[in-house]
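Enquirer: Could you have a look at this structure, given as structure tokens, before my questions?
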Amino acid sequence: MRVPSFDATTSLVSRGLAITPSLLIDSFGPASQADLLEIVSMRAANRAAATPWDDEAYLRWRYQLDCTEAGWGQLYVLRHQRQIIGLIGTESIMLDVGGRQRSGQRVQDILIAPHTRESGLGLWLKQALFRDGDFTMTVGCNANSIGTVRRIYDSVTRRETFVMPLDISTLLRSRLGNRSWVEPLATIGNTAAGLWRSGHRLWDWRGTRLELADRFTDEMLTGLQSAKDKSQIGMVRKADHLNWRLIDNPRGRYRISSAWIKDRCIGYMAASVTNDLGGTSHMTALRLIDWCFAPGLSTPAVSVLLPELCHFGRESGCERVTTTVLGCESDTWLSRSGFLRRPAGEFDVLGIRWSDRSFAQGQAKNLDWTMTELAGDSDG
């Protein structure tokens, strides 16, 4: 199905609201502190249950809301008859695209008033932001939005989830039941996994050490970002963005482990304890949201970081480590390290629309993605 132009969508939505197209555009803009209580109320009314976090504090962290200093997020609202009837958030993202840095945004927190859901307003909100930056990206969707996502973005690719069991017995019981031979088999499996993780620590003897990081620094990341692959698209990592997203985040507490050889950081992993992304709510998992390794040094980095991550997960009562990725580079080390691939979900996708239409139809199609969960908007 052909997607209508922004002008056509503007005409459609404005007719539905009985206002002029120019008034529709003028009524759309950045949210302010004065809008916050109305936004919190609107978000709460859209949820089936109360959030376990302070949503007002979260929104103040997530979005600029009148701040004069440059931030990483912006929330836009559409007002009609003195009420907010639509909102959409963005996070500023920097991508390395075939060796060239491009700045854009990821859209998130899209919400429209119930009485406007057949008006085309959701599509209009997305299209209104396509004019900003080199690209607009979206991560994840639902049954109501998957059709629109596939039509309006230049490429839509499914991400894949990888899982590493920390307790083999739980995995076997879930698949084989409580048969008498399950526990002895699980004991053998857990012992083998423990020996494998212990064996990986041999890299410690070769001068690789582990450190827990309180904050990211530009010096720490310097050796991780060199020699970018000209055939790939990946995130550009900056210390101030990582600190904001992973350390100052009021909704998520992340453990940052880093691997070093002498005074050079050769990799890090960031993870948090959460409910299993694709499983039952009672299963606790350690979610690996991001990692980065120095070129050519992924093996010693993983050999130090992964055993520590598994130990932390078991100490925290987690039954598995889980991560969702996009890209063959991630597939290689995850599979080699004992992660199991889980079937990709229909709605677990990454879509991108490029402002440069000639680039979208040409070079962009020949580039491979390499993205961690940091590309998404999950904050807790």
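Those letters in the sequence shown? Residues 7 to 386, by this note's numbering. Where is the CB? At the ideal position from N, CA and C, for every residue including glycine.
1) Where Met289 and Ala265 are concerned, what is the direct C-alpha to C-alpha distance, given to the nearest angstrom?
2) For Leu65, report the span of its beta strand (DSSP E) as first-last.
3) Is the beta carbon of Ile90 within less than 7 angstroms of some heavy atom of the ligand FMN?
4) For Trp130, does the three-state DSSP call read helix, strand or coil?
5) Here's the rule I'm using: 16 or more other beta-carbon atoms within 10 Å means buried, otherwise exposed. How should Lys268 be labelled?
6) Are Phe141 and Ile358 close, meaning C-beta to C-beta below 8 angstroms?
7) Please state whether DSSP places Gln369 in a helix, a strand or coil.
8) Across the region 36–48 and the region 56–69, are there enough close Cβ pairs to call them in contact, namely three or more that are closer than 8 angstroms?
9) Between which two residues does the alpha helix (DSSP H) carrying Thr167 extend?
10) Checking 8 angstroms against the spacing of the C-beta atoms, do Leu93 and Leu81 come in under that value?
11) Counting only the same chain and skipping the five closest in sequence on each side, list residues whose C-beta sits under 6 angstroms from that of Gly104.
12) I believe Lys326 touches Ala291 by the beta-carbon criterion, under 8 angstroms. Please report the beta-carbon distance rounded to the nearest angstrom.
13) Exposed or buried, which one is Gln87 when buried takes at least 16 other CB atoms within 10 Å?
14) Are the Cβ atoms of Leu356 and Leu340 separated by less than 8 angstroms?
15) Going along the chain, which residues of its own chain have a beta-carbon closer than 7 angstroms to the beta-carbon of Leu172, five neighbours each way excluded?
16) Residues in its own chain within less than 8 angstroms of Ile152 by CB, not counting five upstream and five downstream?
17) How would you call Ser125, buried or exposed, if buried means at least 16 neighbouring beta carbons within 10 angstroms?
18) Report the residue from Arg137, Ala277, Cys298 whose alpha carbon sits nearest the alpha carbon of Asp13.
19) Once you ignore the five residues that flank Gly79 on each side, which residues in its own chain have a CB closer than 8 angstroms to its CB?
20) On a Cα-Cα basis, can you pick out the residue from Ser322, Thr122, Arg165, Leu117 that is closest to Ala51?
21) Which residue or residues does DSSP assign as beta-bridge partners of Ile90?
22) In chain order, which continuous runs of the beta strand (DSSP E) of length 3 or greater are located wholly inside the region 29–56?
Expert: Quick answer:
1) Along the sequence shown, read from residue 1 onward, the residue named residue 289 stands at position 283. Along the sequence shown, read from residue 1 onward, the residue named residue 265 stands at position 259. One C-alpha to the other measures close to 29 angstroms.
2) Translated into positions along the sequence shown, residue 65 becomes position 59. Careful: Leu65 lies outside any beta strand (DSSP E), inside the alpha helix (DSSP H) at 61–68.
3) Ligands are entirely absent from the displayed structure, and the ligand FMN is therefore not among its contents.
4) Indexing the sequence shown from 1 puts residue 130 at position 124. Correct three-state label for Trp130: helix.
5) Residue 268 sits at position 262 when you count from the first residue of the sequence shown. Classification of Lys268: exposed, given that the 10 Å Cβ count is below 16.
6) Your numbering for residue 141 matches position 135 in the sequence shown. Your numbering for residue 358 matches position 352 in the sequence shown. Contact flag set, yes.
7) Here residue 369 is taken as the residue at index 363 of the sequence shown, counted from 1. Judged by DSSP in its simplified three-state form, Gln369 adopts helix.
8) With the cut-off at 8 angstroms, the region 36–48 and the region 56–69 touch.
9) In the sequence shown, counting from the first residue as 1, residue 167 sits at position 161. Premise fails: Thr167 lies in the beta strand (DSSP E), 166–171, not in any alpha helix (DSSP H).
10) Residue 93 sits at position 87 when you count from the first residue of the sequence shown. Residue 81 sits at position 75 when you count from the first residue of the sequence shown. Yes, these two residues count as a Cβ contact at 8 angstroms.
11) In the sequence shown, residue 104 corresponds to position 98, counting from 1. Only Lys236, Leu373 meet the Cβ criterion.
12) Indexing the sequence shown from 1 puts residue 326 at position 320. Indexing the sequence shown from 1 puts residue 291 at position 285. Correcting the residue type first, residue 326 is Arg in the shown sequence and not Lys. Confirmed, Cβ separation roughly 5 angstroms.
13) Counted from its first residue, the sequence shown places residue 87 at position 81. Counting the other CB atoms within 10 Å of its CB gives Gln87 a total below 16, which places it among the exposed residues.
14) What you label residue 356 is simply residue 350 of the sequence shown in a count that begins at 1. What you label residue 340 is simply residue 334 of the sequence shown in a count that begins at 1. In this structure, Leu340 does not lie closer than 8 angstroms to Leu356 by Cβ.
15) As a first step, residue 172 is located in the sequence shown; it is residue number 166 there, counting from the start. The residues Cys316, Gly319, Arg320, Cys324, Glu325, Arg326, Val327, in chain order, have a CB closer than 7 angstroms to that of Leu172 in the same chain once the five nearest residues on each side in sequence are set aside.
16) Taking the sequence shown and counting its residues from 1, one reaches residue 152 at position 146. Glu352, Phe353, Val355, listed in sequence order.
17) Position 119 of the sequence shown holds residue 125. Under this definition Ser125 is a buried residue.
18) Locating residue 13 in the sequence shown gives position 7, where the first residue counts as 1. Of the listed residues, the one whose Cα sits closest to Asp13 is Arg137.
19) For the purposes of this step, residue 79 is taken as the residue at position 73 of the sequence shown. So the qualifying residues of the chain are Arg68, Tyr69, Gln70, Gly95, Thr96, Glu97, Ser98.
20) Numbered from 1 along the sequence shown, position 45 holds the residue referred to as residue 51. Looking at the Cα atoms, Leu117 is the closest of the given residues.
21) One-based indexing of the sequence shown puts residue 90 at position 84. Paired residues: Arg85.
22) 34–36
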